[in-house]
Structure formats: structure tokens, C-alpha cells
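Q: One structure, pasted below without further comment.
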Amino acid sequence: MTTAALAPSQDTIDWCRKLIAHPSVSMTPNMALIEEVKAFLDGLGYETLVVRDDSNTKANLYATIGPAVNGGVILSGHSDVVPTEGQNWASDPYDIDIRDGKLYGRGSCDMKGFLACLLAKAETFKNADLRVPIHLAFTYDEEVGCLGVPSLVEAINNLPHKPAMCIVGEPTEMKVITQHKGKYSARAHFTGRSGHSSLPGEGVNAVEFASEFVVFLRKLGRQCRDEGPHDDEFTPNHTTFHTGVIKGGTQLNIIPQNCFVDFEFRNLPNDDRDALKARIFDYLDNTLIPEMRETYDDVGVEIEVISDMPGLATGDDEEVTKLVMALTGANTTGKVSFGTEAGVFSAMGDIPTVVCGPGNIEQAHKPDEFIELDQLGRCEVFLDKLLAVLVK
Numbered sequence: 001m002t003t004a005a006l007a008p009s010q011d012t013i014d015w016c017r018k019l020i021a022h023p024s025v026s027m028t029p030n031m032a033l034i035e036e037v038k039a040f041l042d043g044l045g046y047e048t049l050v051v052r053d054d055s056n057t058k059a060n061l062y063a064t065i066g067p068a069v070n071g072g073v074i075l076s077g078h079s080d081v082v083p084t085e086g087q088n089w090a091s092d093p094y095d096i097d098i099r100d101g102k103l104y105g106r107g108s109c110d111m112k113g114f115l116a117c118l119l120a121k122a123e124t125f126k127n128a129d130l131r132v133p134i135h136l137a138f139t140y141d142e143e144v145g146c147l148g149v150p151s152l153v154e155a156i157n158n159l160p161h162k163p164a165m166c167i168v169g170e171p172t173e174m175k176v177i178t179q180h181k182g183k184y185s186a187r188a189h190f191t192g193r194s195g196h197s198s199l200p201g202e203g204v205n206a207v208e209f210a211s212e213f214v215v216f217l218r219k220l221g222r223q224c225r226d227e228g229p230h231d232d233e234f235t236p237n238h239t240t241f242h243t244g245v246i247k248g249g250t251q252l253n254i255i256p257q258n259c260f261v262d263f264e265f266r267n268l269p270n271d272d273r274d275a276l277k278a279r280i281f282d283y284l285d286n287t288l289i290p291e292m293r294e295t296y297d298d299v300g301v302e303i304e305v306i307s308d309m310p311g312l313a314t315g316d317d318e319e320v321t322k323l324v325m326a327l328t329g330a331n332t333t334g335k336v337s338f339g340t341e342a343g344v345f346s347a348m349g350d351i352p353t354v355v356c357g358p359g360n361i362e363q364a365h366k367p368d369e370f371i372e373l374d375q376l377g378r379c380e381v382f383l384d385k386l387l388a389v390l391v392k
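Quick note, in full-length UniProt numbering, the sequence shown goes up one by one and the last residue is 392.
Put into C-alpha cells, the structure is as follows:
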């Protein structure tokens, strides 16, 4: 039996239009979007907190309505989107286009559709007789490693009242996700010594040593694949290692002095990420760098951490899990291999968190990104049901 489609409210459509009109691409300013949302919520009587980055061009927004007590729920989403450069869109990516039951636009699925639902319900939340607060969180630079949310969680930790739970509205088709992998990504800068390629012993070849490092990472990945730990509810079912970028050298007859390697691992929540990092640094410090320095001391490797995102492992017995399952009618929970800000709320804030939001992650980051109108409608119903359990 096919379930009838649910149409979203005009308010949600209008907020999709407003939010998508702000490009807010990761690593670029998002203040125009944050200021528009803040002004709207301030006007409704929300207590708002802006947590800016060091450049003062990007910010998180935390908006609270309801009594000043412990408990309540955070509803969180990121304001940034991935770029559209190099993508062939059938319509303007920053102006919504509705056709065939779908709303197109950059960020419609990931994840301005969810934010639009929150803002469409903001006045309803304000008018309700809440027994615990509702907190709306808007973050920045999630797409490049969850760079903005740590400062927000730190600010929340310093507030007098602690939320009881958090729901991150990443696109899961309103399914309840309780676990996801963590991610550690970094850039390794290999500094060698240049010279003429006819005299390789007179230099230190940064590209060759970087290549040995890449092979080491590949071996680590194979070991995780073969020896585990394994969890068949994840795809793939093990911790993975990946090298995405390698750049080095200037021309063939010069021993390359510099080489850069961008790499990552994505760990199962129960795999010890500190132990994984220790293996990488142990190899560099005790094997590769000493070999590089057999002749010259001014060579070596420097690691620049790009992101360090904890995994998520919220129990099925947690209050937030049971609540969101009841509201969605889900009988099971799920696990995903992509990372979200949920791991940061859980790890840094000790706030039990699940991921549940409208849309399908398969539509994210692509040209002609879209979210089905039915998914927005279902998210609105979910928020109405959530409100019903938060009122007196």
C-alpha cells in the first residue's frame, strides 16, 4: 500500500527560497544568512547566541525558546553547502525550482530543507506552552570537517542549563541513525633536499618518501579490512584509509624537495581512533623520518590536521533514540559511513544525539540537488509530534 505524499507548508517553501538564495559555501562568509535568521528569531522572542569564528565572517547561531531549565532538545543543522563550480545545473542552483514533486537548489537536501522546516515551525514553537526548552542550532563549515560546531558546543557547555538531547537533521529520509563513522584527515608535508637527478644520493627525494607513506596507509587499510574490527551494518564494514591528493616535484631532472599528501581514515565508532593515529605517527617518527635523515638533519615530515571528527555511537536505550523512534514510527535504527556533527555534540557536549532528517544523502553534493516535497512534509509532521511531547 502506497503512503500518500505530504505537502509541506508554504512557510517551509518560502524559507527554502530564502536560505538557498544565500550561497554560504563552506570556507566563505555565512553572516548574511545568520543575521537574517537571527533577526527573524529575535523578533519572535527567542534568546539568541552568536558564536563567531576568528575572522568574524562566519558564525554559529544558537536560539532558545521556552523555560530556562535543564532538558529539552537541540535541533541542529549546518548552514554551509558545497560549491557548484564545474557542475551542470538545469536551473539556477541558488534559486529554488519546484517540479515533479521535488524542490531543486543547492543545499535543498543537505541541509537547508531541514533548516527551513525549523524556521517554518519557529512561531509554533514560540506559541506553545513548553515545559522544557527547544534550541535551534545553525552551524558553519560542516562540509569541510565540522570546523564550526566545536566552538558552538563549547559555548553550550558554558551555559547555565544543559540540553537533554540533540537531533541533527542530516538527510536520512526521516530514518533514525544512531551510529556513524568518525573521520581523521590531515596533510603530510614531506620536506627533502633538492639536487640534480643524476646524483640521487646527494639529495633527499620527498616524492619517494611520500610514496612510501602512501603505501603504509594502504597496508593499514588492508589490515583493517582483513582483521577488523568489523560491523556488517556499515558499508564498508570496517575502518578505511584513503589517500586523496599527492603533489610534489617541479620537473623530472630535479630531486623533489617537497611533496604533500592529503589522507584520511574513517573509523568504526568502536575502533580506537587514538590508537590508529598513534600507528601513523609511530611509523613516521620511528621509521620514515630517521631514514630521511640518514644524511641531512633539515628534512622531515610535518602533519597538518584538516579535521578530527569523532564517530557516533548512541545506544538504542537512550531517551533520544526511543523518543525519535516513537515519533517516526521506526522499528529499527541505522548506521551510516558518512560523518556528521552528531559525533561532536555527543563527544564534546556529552549530549545524547541521533541523526534524523528529510531527504536522501544520494542527492547531496550533485548538480540538480533536490529534496522531495514529501520529505519536507514528513519533517513538519515529525516536528509537530515532537512539540506535542515537549508541552505541559
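Even for Gly, the Cβ is constructed at its ideal location relative to N, Cα and C.
For clarity, every value in this text was computed on a predicted model and none was experimentally measured.
Taking Cβ positions, are Gly-182 and Pro-269 nearer each other than 8 Å?
A: It is a contact, given that the beta carbons lie within the stated cut-off.
Q: With a threshold of 16 other CB atoms inside 10 Å of the CB of Met-27, please say whether the residue is buried or exposed.
A: Exposed is the call here.
Q: Could you check what DSSP says for Lys-175 in three-state terms: helix, strand or coil?
A: Coil, per DSSP.
Q: From what residue to what residue does the beta strand (DSSP E) around Val-261 run?
A: Note, Val-261: beta strand (DSSP E), 258-267.
Q: Determine contact between the region 345-362 and the region 166-183, defined as no fewer than three beta-carbon pairs at a distance below 8 Å.
A: Touching, per the Cβ criterion.
Q: How is Ser-307 classed by DSSP in three states: helix, strand or coil?
A: Strand.
Q: Could you tell me the distance, in whole angstroms, from the CA atom of Ile-371 to the CA atom of Leu-312?
A: In a straight line, the C-alpha of Ile-371 is about 25 Å away from that of Leu-312.
Q: Can you find the residues in the same chain that come closer than 8 Å, C-beta to C-beta, to Ala-330, ignoring five residues on each side of it along the sequence?
A: These residues qualify, in order along the chain: Lys-175, Val-176 and Val-324.
Q: Quick check on the DSSP output: the alpha helix (DSSP H) that includes Gly-343 runs from which residue to which?
A: Where Gly-343 is concerned, the enclosing alpha helix (DSSP H) stretches over 342-349.
Q: How would you call Gly-315, buried or exposed, if buried means at least 16 neighbouring beta carbons within 10 angstroms?
A: So Gly-315 counts as exposed.
Q: Just checking, does the region 300-311 make contact with the region 99-112 on the three C-beta pairs under 8 Å criterion?
A: The region 300-311 vs the region 99-112: no contact.
Q: Taking all protein chains shown into account, decide if Leu-252 is buried (16 or more other Cβ within 10 angstroms of its Cβ) or exposed.
A: Result: exposed.
Q: Can you tell me which of Arg-293, Thr-178 and Thr-287 puts its alpha carbon nearest to the alpha carbon of Gly-334?
A: Considering only alpha carbons, the answer is Thr-178.
Q: Only counting runs of 4 or more residues, tell me where the alpha helix (DSSP H) segments fall wholly within the UniProt domain "Peptidase M20 dimerisation" (179-288), in order along the chain.
A: Entirely contained in the UniProt domain "Peptidase M20 dimerisation" (179-288), the alpha helix (DSSP H) runs reaching 4 residues are, in chain order, 206-227 and 273-283.
Q: Are the CB atoms of Asn-30 and Ser-79 nearer to each other than 8 Å?
A: Against a cut-off of 8 Å, the Cβ pair of Ser-79 and Asn-30 comes out as a contact.
Q: What residue range is occupied by the uninterrupted alpha helix (DSSP H) comprising Thr-12?
A: Start and end: 10-21.
Q: Under 8 Å between the Cβ atoms of Pro-163 and Ile-74?
A: It is a contact, given that the beta carbons lie within the stated cut-off.
Q: Using only CA atoms, which one of Lys-322, Pro-8, Glu-35 and Lys-18 lies nearest to Pro-352?
A: Minimum Cα distance to Pro-352 is reached at Lys-322.
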